[in-house]
Amino acid sequence: MKEADYELVLDVMHKHREEGVSLMALARETGQRLPDLQKFMRAHRKCFVMVDATKYKLNPAPPINGNVGSVRFRLRSEAAKKRQQTIGMWVAITVAITSVFYAINNMF
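Residue numbers for the sequence shown follow this note's numbering, so the first one is 11 and each next one is one higher.
In C-alpha cells, the structure reads:
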C-alpha cells in the first residue's frame, strides 16, 4: 500500500478507535480491496489487533498505545528500513559486478 492509502486507513481506524472497524466497512470507506487490507493488517500486527473474526482496532498495548501517531511513525520507519535494505542490496550487486569486471580486465 502507498502512504496515502494507509493514511486513509488510519483515519478510518482513528474514527472507530474504541470499538474497532470491520474489514468490510474499512474496504467500503477507503476504496481498498479486501485482500489488500487483510494483507496490510497481518503485516503490521504490532499496530493493529483483531477484536472479532474480521474486526480490527489500533493496538492499545505498548509501543502503539492506541495512538495514531505511533502507528504512522512505525509504518514510516518500516518503509524507510525496507528502502534502505533495497538500496543496500543494489549497492552490493553493483560492487560485485564491478569487481568481477575489474578482475576479468586485469587478467588479460
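C-beta atoms are modelled at their ideal positions from N, C-alpha and C, and glycine is treated no differently.
The structure displayed is predicted, hence computed values, not measured ones.
Margin query: So, at 6 Å on beta carbons, what are the nonlocal neighbours of GLU39 in its own chain, with the 5 sequence-adjacent residues on each side left out?
Written below: Result list for GLU39: VAL22, in chain order.
Notebook entry, point to check: Looking at the structure shown, is PHE58 part of a helix, part of a strand, or coil, going by DSSP?
Noted result: The answer is strand: DSSP assigns PHE58 an E or B state.
Item checked: Which listed residue (ARG86, LEU36 and ALA90) has its alpha carbon closest to that of LYS67 -> Among ARG86, LEU36 and ALA90, the Cα nearest to that of LYS67 belongs to LEU36.
Checklist line | Nearest candidate by alpha-carbon position, reference GLN42, set ASP62, CYS57 and GLU17 | finding: Among ASP62, CYS57 and GLU17, the Cα nearest to that of GLN42 is on GLU17.
Next item on the list: Given a cut-off of 7 Å, decide if CYS57 and VAL81 are closer than it, judged by their beta-carbon atoms.
Entry: CYS57 sits close to VAL81, with the two beta carbons spaced by under 7 Å.
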